[in-house]
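Student:
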Amino acid sequence: SNINPICLPACGTTEGFEGRNMTISGLGQINLAGHYPTNLRKAIVTVMHNNKCQKLLEQYPISPYMLCA
Numbered sequence: 002s003n004i005n006p007i008c009l010p011a012c013g014t015t016e017g018f019e020g021r022n023m024t025i026s027g028l029g030q031i032n033l034a035g036h037y038p039t040n041l042r043k044a045i046v047t048v049m050h051n052n053k054c055q056k057l058l059e060q061y062p063i064s065p066y067m068l069c070a
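Residue numbers for the sequence shown follow our numbering, so the first one is 2 and each next one is one higher.
1. Per DSSP, K43 forms a beta bridge with which residues?
2. Which residues in the same chain as R21 place their Cβ atom closer than 6 Å to its Cβ, once the five residues preceding and following it in sequence are excluded?
3. Taking Cβ positions only, does I4 come closer than 8 Å to chain C?
4. To the nearest angstrom, how far is it from the Cα of R42 to the Cα of M67?
5. Does the segment 17 to 31 touch the segment 45 to 59, meaning 3 or more C-beta pairs lie closer than 8 Å?
6. Would you kindly work out how many angstroms separate the C-alpha atoms of P65 and I4, rounded to a whole number?
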């Protein structure tokens, strides 16, 4: 019900997050029909190594400034 700012790691710092659970939130598309929620939604995701992510998503460039989950 509340949104607060968080502290983020320094830009380019991705080491040490692999395997950790993180909470994400947003108002993004929730189905293939293009419907968007009216309430803020959240999910818990597990961070994976960027190299593994890049192999799964070859068509999208994954930079060192991204965290994959």
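The beta-carbon is built from N, C-alpha and C at its ideal position, and this holds for glycine as well.
Tutor: Here's the rundown:
1. Position 42 of the sequence shown, counted from the start, is the residue given in the question as residue 43. In the DSSP output, where bridge partners are listed per residue, K43 has S26.
2. As a position in the sequence shown, residue 21 is number 20, starting the count at 1. Same-chain partners within the cutoff: V48.
3. This model lacks chain C altogether, as it is built from one protein chain only.
4. Within the sequence shown, residue 42 is the residue found at index 41, counting from 1. Within the sequence shown, residue 67 is the residue found at index 66, counting from 1. R42 and M67: Cα-Cα distance of roughly 21 Å.
5. yes
6. Working through the sequence shown from its first residue, we reach residue 65 at position 64. Working through the sequence shown from its first residue, we reach residue 4 at position 3. Looking at the two C-alpha atoms, the distance is approximately 27 Å.
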